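Asker: I have a structure I would like to understand better, so I am pasting it below and will then ask my questions one at a time.
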Amino acid sequence: MTARLRSLLTAPASRPDLMAKAPRSGPDAVFLDLEDGVPPGAKLSARPDAHTAAESLLADHPKLLVFARVNGLSTPWFDDDVAEALPLGLTGVVVPKLESSTDVDTVEAALDRAGLGGLPVMAGIESAAGVARVQEILRPPVAWCYFGAEDYVADLGGIRTPGNLEVLYARSRVALAARVAEVHAIDQIVADLRDETRYLHDAEEGRALGYQGKLCIHPAQVALAHQVFTPSAEEVERARRLLAAYDAAAARGEATLDFEGQMVDEPMARRARATLAAIGEPVITTPGSSPSAPRTRPR
Amino acid sequence: MTARLRSLLTAPASRPDLMAKAPRSGPDAVFLDLEDGVPPGAKLSARPDAHTAAESLLADHPKLLVFARVNGLSTPWFDDDVAEALPLGLTGVVVPKLESSTDVDTVEAALDRAGLGGLPVMAGIESAAGVARVQEILRPPVAWCYFGAEDYVADLGGIRTPGNLEVLYARSRVALAARVAEVHAIDQIVADLRDETRYLHDAEEGRALGYQGKLCIHPAQVALAHQVFTPSAEEVERARRLLAAYDAAAARGEATLDFEGQMVDEPMARRARATLAAIGEPVITTPGSSPSAPRTRPR
Amino acid sequence: MTARLRSLLTAPASRPDLMAKAPRSGPDAVFLDLEDGVPPGAKLSARPDAHTAAESLLADHPKLLVFARVNGLSTPWFDDDVAEALPLGLTGVVVPKLESSTDVDTVEAALDRAGLGGLPVMAGIESAAGVARVQEILRPPVAWCYFGAEDYVADLGGIRTPGNLEVLYARSRVALAARVAEVHAIDQIVADLRDETRYLHDAEEGRALGYQGKLCIHPAQVALAHQVFTPSAEEVERARRLLAAYDAAAARGEATLDFEGQMVDEPMARRARATLAAIGEPVITTPGSSPSAPRTRPR
Numbered sequence: 003m004t005a006r007l008r009s010l011l012t013a014p015a016s017r018p019d020l021m022a023k024a025p026r027s028g029p030d031a032v033f034l035d036l037e038d039g040v041p042p043g044a045k046l047s048a049r050p051d052a053h054t055a056a057e058s059l060l061a062d063h064p065k066l067l068v069f070a071r072v073n074g075l076s077t078p079w080f081d082d083d084v085a086e087a088l089p090l091g092l093t094g095v096v097v098p099k100l101e102s103s104t105d106v107d108t109v110e111a112a113l114d115r116a117g118l119g120g121l122p123v124m125a126g127i128e129s130a131a132g133v134a135r136v137q138e139i140l141r142p143p144v145a146w147c148y149f150g151a152e153d154y155v156a157d158l159g160g161i162r163t164p165g166n167l168e169v170l171y172a173r174s175r176v177a178l179a180a181r182v183a184e185v186h187a188i189d190q191i192v193a194d195l196r197d198e199t200r201y202l203h204d205a206e207e208g209r210a211l212g213y214q215g216k217l218c219i220h221p222a223q224v225a226l227a228h229q230v231f232t233p234s235a236e237e238v239e240r241a242r243r244l245l246a247a248y249d250a251a252a253a254r255g256e257a258t259l260d261f262e263g264q265m266v267d268e269p270m271a272r273r274a275r276a277t278l279a280a281i282g283e284p285v286i287t288t289p290g291s292s293p294s295a296p297r298t299r300p301r
Numbered sequence: 003m004t005a006r007l008r009s010l011l012t013a014p015a016s017r018p019d020l021m022a023k024a025p026r027s028g029p030d031a032v033f034l035d036l037e038d039g040v041p042p043g044a045k046l047s048a049r050p051d052a053h054t055a056a057e058s059l060l061a062d063h064p065k066l067l068v069f070a071r072v073n074g075l076s077t078p079w080f081d082d083d084v085a086e087a088l089p090l091g092l093t094g095v096v097v098p099k100l101e102s103s104t105d106v107d108t109v110e111a112a113l114d115r116a117g118l119g120g121l122p123v124m125a126g127i128e129s130a131a132g133v134a135r136v137q138e139i140l141r142p143p144v145a146w147c148y149f150g151a152e153d154y155v156a157d158l159g160g161i162r163t164p165g166n167l168e169v170l171y172a173r174s175r176v177a178l179a180a181r182v183a184e185v186h187a188i189d190q191i192v193a194d195l196r197d198e199t200r201y202l203h204d205a206e207e208g209r210a211l212g213y214q215g216k217l218c219i220h221p222a223q224v225a226l227a228h229q230v231f232t233p234s235a236e237e238v239e240r241a242r243r244l245l246a247a248y249d250a251a252a253a254r255g256e257a258t259l260d261f262e263g264q265m266v267d268e269p270m271a272r273r274a275r276a277t278l279a280a281i282g283e284p285v286i287t288t289p290g291s292s293p294s295a296p297r298t299r300p301r
Numbered sequence: 003m004t005a006r007l008r009s010l011l012t013a014p015a016s017r018p019d020l021m022a023k024a025p026r027s028g029p030d031a032v033f034l035d036l037e038d039g040v041p042p043g044a045k046l047s048a049r050p051d052a053h054t055a056a057e058s059l060l061a062d063h064p065k066l067l068v069f070a071r072v073n074g075l076s077t078p079w080f081d082d083d084v085a086e087a088l089p090l091g092l093t094g095v096v097v098p099k100l101e102s103s104t105d106v107d108t109v110e111a112a113l114d115r116a117g118l119g120g121l122p123v124m125a126g127i128e129s130a131a132g133v134a135r136v137q138e139i140l141r142p143p144v145a146w147c148y149f150g151a152e153d154y155v156a157d158l159g160g161i162r163t164p165g166n167l168e169v170l171y172a173r174s175r176v177a178l179a180a181r182v183a184e185v186h187a188i189d190q191i192v193a194d195l196r197d198e199t200r201y202l203h204d205a206e207e208g209r210a211l212g213y214q215g216k217l218c219i220h221p222a223q224v225a226l227a228h229q230v231f232t233p234s235a236e237e238v239e240r241a242r243r244l245l246a247a248y249d250a251a252a253a254r255g256e257a258t259l260d261f262e263g264q265m266v267d268e269p270m271a272r273r274a275r276a277t278l279a280a281i282g283e284p285v286i287t288t289p290g291s292s293p294s295a296p297r298t299r300p301r
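Protein chains in written order, with this note's numbering: chain R, 3 to 301; chain Y, 3 to 301; chain W, 3 to 301.
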């Protein structure tokens, strides 16, 4: 479903208390993190904890999107994370450091073996190889991705700076590939937990580049993400008017219309639906599977 | 022909008065716009108006490059725009929102059906898919392209800002692809008609990135585009000296020469010819068809 | 060998005095330049001079990396430069303006004919075509590359500015491709010899983008390059601790470990080795040939 995903709050899978509290800050989505958030010695015990916490969150917070992030394909934990930590009903599984289409095949096979065939995937794009091959990675069952700036720059051998110039190329390229693949793109973390101004500035940059939401590594960042990624009242009103006019035209058998002086067609209607989805209004389309309007080409 | 194209002024095809006045500000090129400039209700009547206006401009202003922009391939108007709005003698047809090599095939077929086979095309690169596939789009009969920042960012789901960081990746990539394909690249519009400083700054950026001219959506922008995209007197003098020395060397059967302490070969001569073309001096080469000097590799 | 290459000082091959003095500023590497540094009239006499100078430098400065840059493939000098200017024992040959994988084949064939098969190559990426095809160029025997901003922008038809925005796309793309190919990337020159602040700023940018060293066109730039590209004492200490823990884990048959609260695996060990190499500590791996750790994926 195209639910709004402006904020994606992480909670370590080895901390049942933090996982249980995650909804308090009102995020659109949480991910229970078996990877970076859990030290190697706690990897095994974190699996049942994540499973239990995810089930509770899904039961108690029906509007919350609940993800779990497993350890990467190259670790010894990946397959058993998939087999043991993911309850039925999960919104999706987050797989870090995907680097090729073959990696996506491996994820699909592991999900199938675990009886979770069809579970949508959020791809972590956070290495040089991942960015270099992002176009081939962003295909079903990948329905979301996030750009991991810290890991990307570490892998590149570069340096992270507040100016973000060193990630502008990769961050732009990932957002573009996501748009072409109709994948929901989530922007990089901001590591400094106390710097609200930087978070807001970083989020504005991400939104300008085409990201639709942002990672939150602390509950206090959730409200900041919502502040930036929520459409304005004016944008929402316009989207409602446009869709009303578009649906009326469709009922008359017309594919394009003159809306407030502008030619409107299916792509613009899709954007208007995304705007409404972003404020939580019910929508019917499904990302990745939404049928594009057939191109009308008179002979 | 490699004519200078520093400024490309738009005029709505539904406004015969504005089309007739377009040459007054002295642009290098105009395009009569059947797409964004014309509301859906006026699309049909704009075709004969554009046809008539283009014929008059070509007859009365022999040095002016005259283009017409048709509606996009996915609209119901594309084929009849091509069939009815384009007079013989037109400099080229502008096709917005091209997104693949297949789209270019479709344009060629439509031109053939309309008896306009061989008419060069200016490709609008202004969507996520268009930028992602720009390399395959920029091939004959495409001889020019423009980067449409507003449509690109809207399609991406991003936000346009005066800082232009959100388009730096795409704008750079389009300019590079154009250079490799030997296609003349035209830079994005500046929507704020009253902000001369922003236009000049934006044009300087575009020129630094490799663009050779800029869209003008108001006659007052034409002089600003010329101010930025005209080579300096010093650049012109150097180009003349270089070509004289190069032609003398060629007459002696030499492919490279020492020109003012620098090794000069065909690529540098080509750039010098482009400089002279940019100030309107006659040139003989044709973009896309100019033969590169064979690589001289002694066995 | 993965020797540190923070600074790469150029010396014109037509100037035996400057070549002999090149080690005085303490660069990690020098390249004796038969290309841009030598006017056409002196190309032939520069070959034996470069040959002799390289032999002396190799004999007298065993830790210095010694390269020679030949003229480009499209010049009449390329083959004889390779045949006559490169002594046995040279660290590598620098080939400017490589533009395709076919160009790399041509270089390999010329090296073979000259009895220099296996000599590693430093690729100059400094044209529109070179950047557009950088991924195919960076493969063995290419073990290093440099990004040539001045030539790239001239070829693009753009303008060089101190802000570097016009090269951010290409400079980022080259660094990323180099990382993926495990090629050592050297950053652009700074043409203004007297502006230390600009050099330092430019080097900081390059390091953030993933470059591992920088071109120096004057001996005074060598110390500046070292100032920026030398890891801090803290980075070095951490790398030593990490490798000790990693090697101990490997001796126990473990591929990953918990190091100071962070999961550590082969890629992080590789980075730690690179940090030590950057300060000149002995390392065993060879760039391009270093075997990646096999991915551990339990069935």
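No residue lacks a Cβ here, since even glycine has one placed at the ideal position from N, Cα and C.
Remember, predicted model here, so these are calculated numbers, not experimental data.
Can you say whether D197 (chain Y) is buried or exposed, counting buried as having 16 or more other CB atoms within 10 angstroms of its CB?
Answerer: exposed
Asker: Name the chain Y residues whose beta carbon is nearer than 9 Å to that of G212 (chain W)?
Answerer: Residues of chain Y passing the Cβ test: none, with the nearest at roughly 16 Å.
Asker: Suppose contacts are defined by Cβ-Cβ distances below 9 Å. Is L211 (chain Y) in contact with G160 (chain W) by that definition?
Answerer: yes
Asker: Can you say whether E184 (chain W) is buried or exposed, counting buried as having 16 or more other CB atoms within 10 angstroms of its CB?
Answerer: Per the 10 Å Cβ criterion, buried.
Asker: Can you find the residues in the same chain that come closer than 6 Å, C-beta to C-beta, to A274 (chain Y), ignoring five residues on each side of it along the sequence?
Answerer: A241, L244 and L245
Asker: Which one of Y:T77, Y:V40, Y:T277 and Y:A180 has the shortest CA to CA distance from G263 (chain R)?
Answerer: That would be Y:V40, whose Cα lies nearest to the Cα of G263 (chain R).
Asker: Have a look at D35 (chain R) and R71 (chain R) and give me their C-alpha separation to the nearest angstrom.
Answerer: If I take the Cα positions, the gap works out to 5 Å.
Asker: Per DSSP, what kind of secondary structure is D260 (chain Y) in: helix, strand or coil?
Answerer: D260 (chain Y): strand per DSSP, three-state reduction.
Asker: According to DSSP, what are the bridge partners of V32 (chain Y)?
Answerer: Y:L11 and Y:V68
Asker: Determine the direct distance from the alpha carbon of V238 (chain W) to that of A271 (chain W), and round the result to whole angstroms.
Answerer: 13 Å
Asker: Specify whether the stretch 163–170 of chain R and the stretch 106–115 of chain R touch according to this definition: at least 3 beta carbon pairs, one from each stretch, less than 8 Å apart.
Answerer: No, the stretch 163–170 of chain R does not touch the stretch 106–115 of chain R.
Asker: List, in order along the chain, the chain R residues whose C-beta lies closer than 7 Å to that of G263 (chain W)?
Answerer: P41
Asker: From the DSSP output, read off the bridge partner residues of A187 (chain W).
Answerer: W:C147
Asker: Take V136 (chain W) and list the residues in its own chain whose beta-carbon comes closer than 6 Å to its own, dropping the five residues that flank it on each side.
Answerer: I127, V176 and A179
Asker: As a quick exercise: from Y:S16, Y:G282, Y:E101 and Y:G117, pick the residue whose alpha carbon is nearest that of L129 (chain Y).
Answerer: Note that residue 129 (chain Y) is Ser in the sequence shown here, rather than Leu. Out of Y:S16, Y:G282, Y:E101 and Y:G117, Y:E101 has the C-alpha closest to the C-alpha of S129 (chain Y).
Asker: Using a Cβ-Cβ distance under 9 Å, would R209 (chain W) count as near chain R?
Answerer: yes
Asker: Taking 9 Å as the threshold (C-beta atoms), are M21 (chain R) and L66 (chain R) in contact?
Answerer: no
Asker: I need the straight-line Cα distance from F261 (chain Y) to R17 (chain Y), nearest angstrom please.
Answerer: Linking F261 (chain Y) to R17 (chain Y) through their CA atoms gives a straight-line distance of about 52 Å.
Asker: Check whether the stretch 84–92 of chain R touches the stretch 145–165 of chain R, taking contact to mean three or more Cβ pairs, one atom from each stretch, closer than 8 Å.
Answerer: no
Asker: Which ranges does the alpha helix (DSSP H) cover as unbroken runs of at least 4 residues, wholly within the stretch 95–154 of chain Y, from first to last along the chain?
Answerer: 103–115, 130–134 and 136–139
Asker: Please report how far the alpha carbon of R8 (chain Y) lies from the alpha carbon of A125 (chain Y), in whole angstroms.
Answerer: 17 Å
Asker: Restricting to Cα atoms, I'd like to know which of Y:A279, Y:E86 and Y:Y248 is closest to V50 (chain Y).
Answerer: Looking at the sequence shown, residue 50 (chain Y) is not Val but Pro. Nearest option by C-alpha distance: Y:E86.
Asker: With a threshold of 9 Å between beta carbons, is A227 (chain R) in contact with chain Y?
Answerer: no
Asker: Rank R:D83, R:A31 and R:A52 by C-alpha distance to the C-alpha of H63 (chain R) and give the top, closest one.
Answerer: Out of R:D83, R:A31 and R:A52, R:A31 has the C-alpha closest to the C-alpha of H63 (chain R).
Asker: Exposed or buried, which one is G43 (chain R) when buried takes at least 16 other CB atoms within 10 Å?
Answerer: For G43 (chain R), the number of other beta carbons within 10 angstroms of its own is below 16, and it is reported as exposed.
Asker: Return helix, strand or coil for L244 (chain W), following the three-state DSSP convention.
Answerer: In the three-state reduction of the DSSP assignment, L244 (chain W) falls in the helix class.
Asker: On the criterion of 16 or more Cβ atoms from any shown chain inside 10 Å, does S76 (chain W) qualify as buried, or is it exposed?
Answerer: buried
Asker: How about V182 (chain Y) and A250 (chain W): are their beta carbons less than 9 Å apart?
Answerer: Taking 9 Å as the Cβ cut-off, V182 (chain Y) and A250 (chain W) do not qualify as a contacting pair.
Asker: Check the Cβ of V97 (chain Y) against every Cβ in chain R and list those closer than 9 Å, keeping chain order.
Answerer: By Cβ distance, chain R contributes nothing, its closest Cβ being about 13 Å from V97 (chain Y), past 9 Å.
Asker: Alpha carbon to alpha carbon, how far is T12 (chain R) from I281 (chain W)? Give it in angstroms, no decimals.
Answerer: 37 Å
Asker: Determine, for A130 (chain W), whether the minimum Cβ-Cβ distance to residues of chain Y falls below 9 Å.
Answerer: yes
Asker: With DSSP run on the structure shown, which of helix, strand or coil describes L217 (chain Y)?
Answerer: Strand, per DSSP.
Asker: Could you name the residues of the same chain whose beta carbon sits closer than 7 Å to that of F33 (chain W), not counting the 5 residues immediately before and after it, in chain order?
Answerer: L10, T12, F69, A70, R71 and V96
Asker: Along chain W, in chain order, which residues have C-beta atoms closer than 9 Å to that of T163 (chain Y)?
Answerer: Within 9 Å Cβ-Cβ: nothing; T163 (chain Y) doesn't reach chain W, min ~14 Å.
Asker: Under a Cβ-count criterion, where at least 16 other Cβ atoms within 10 Å of its own Cβ denotes burial, should K45 (chain Y) be classed as buried or exposed?
Answerer: Counting the other CB atoms within 10 Å of its CB gives K45 (chain Y) a total of 16 or more, which places it among the buried residues.
Asker: Using the DSSP secondary-structure output, state which residues sit across from V266 (chain Y) in a beta bridge.
Answerer: Y:L259
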